[in-house]
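*Asks:* Structure in structure tokens, see below.
Protein chains in written order, with the working numbering: chain X, 87 to 195; chain Z, -4 to 231.
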């Protein structure tokens, strides 16, 4: 991280204000007007559209392993995702992924 | 259960919000740890958790800042993660839209996945409840959630730097995000959106300023929306 303190606080404030405006949008400003269906249809997918693209390079090319694919990390990612899909339980998924990672790192020496 | 009075509306909300403590506490600790490991000082870590209070977008911003992405890209990507809250805001209007402005502002500040999900479900089930009870219930739901979010971010930030590298904390972030994405893959449209997101996220990883991430996210949103349309037509 090479940002100056000013840049860091600019990001914190910008993200805080921007996020508040998104939350306040309809409750505070726009009121009781329905969103067009096509907008709702896109908004529904924002988390599953943004997060996977952010994670995929971190899983396949982790910096801590020199940017090379690393079996314990890939296995941990797979277990986390599969547990999440099957159990719908966030904490259980994190626990499963962490256990797989530590076991993998231990076995890999 | 119909109208129960203000006091019990608060306690009912509180009891419905209590289970989220199990999610909030580890998530908050993790943000504190990862934030201070990434080089943020205590005030900056707390600034995120108090001013933003949206874990996934805070982690996204943190990752991009670690990659030294430009400020514009950090903000655009992290805000994109929070766009779904516009949908939450819209669907609470029929229930809470008549509240005084300062209460609506407070409700908006406290609007997160958990408070939305629980609050909206109750209001849809009991639309006849008076406005004051709906508001009290909502504040009951968030009461166990927010102090713990702040407090455990602080705990994480304080212990963060003392955790040795053998614990592979670099991978805490991908695991947390994957744990959030897994349960969200409810329909074919969600799976398709996530698939496009992964493929384009990898293919465009080399683009300057991490701009590939935004392109991948927009294409994935469009994919999800389109697949949803196809599925609806097939059903009809």
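For each residue, glycine too, the CB sits at the ideal point set by N, CA and C.
1. Alpha carbon to alpha carbon, how far is residue 129/X from residue 104/X? Give it in angstroms, no decimals.
2. Output, in chain order, the set of chain X residues within a Cβ distance shorter than 8 Å of residue 58/Z.
3. How many Å lie between residue 106/X and residue 114/Z at the Cα?
4. Using a Cβ-Cβ cut-off of 9 Å, state whether residue 189/X counts as contacting chain Z.
5. Run down chain X in chain order and give the residues with a C-beta less than 7 Å from the C-beta of residue 208/Z.
6. Name, please, each residue of chain X whose Cβ falls closer than 8 Å to the Cβ of residue 192/Z.
7. Whole angstroms are fine: how far does the CA of residue 112/X sit from the CA of residue 80/Z?
8. Taking the CB atoms as reference points, tell me whether residue 139/X and residue 215/Z lie closer together than 9 Å.
9. For chain X, check one thing: does any of its Cβ atoms lie closer than 9 Å to the Cβ of residue 228/Z?
10. Which same chain residues, not among the five before or five after residue 218/Z, have their C-beta less than 6 Å away from its C-beta?
11. On the DSSP letters alone, give me the boundaries of the alpha helix (DSSP H) that residue 94/X sits inside.
12. Taking the alpha-carbon positions, what's the residue 112/Z to residue 133/X distance?
13. Do residue 109/Z and residue 18/Z come within 9 Å of each other at the CB atom, strictly closer than that value?
*Replies:* In short, the structure shows the following:
1. Going by C-alpha positions, residue 104/X is about 16 Å away from residue 129/X.
2. Against residue 58/Z, the close residues of chain X are 140 and 144, in the order they occur along the chain (beta-carbon pairs closer than 8 Å).
3. If you take the alpha carbons of residue 106/X and residue 114/Z, they lie about 18 Å apart.
4. Contact with chain Z is absent for residue 189/X, since none of that chain's Cβ atoms lies less than 9 Å from the residue's Cβ.
5. Residues of chain X passing the Cβ test: 139 and 140.
6. Going along chain X in sequence order, the residues near residue 192/Z (Cβ under 8 Å) are 134, 135, 136, 137, 138, 139 and 142.
7. The C-alpha of residue 112/X is placed about 10 Å away from the C-alpha of residue 80/Z.
8. Yes.
9. No, residue 228/Z lies away from the interface with chain X (no Cβ there is under 9 Å from its Cβ).
10. Here the set comprises 187, 188 and 191.
11. For residue 94/X, the enclosing alpha helix (DSSP H) begins and ends at 91 to 110.
12. Near 15 Å, if we compare the C-alpha coordinates of residue 133/X and residue 112/Z.
13. The Cβ atoms of residue 18/Z and residue 109/Z lie closer than 9 Å to each other.
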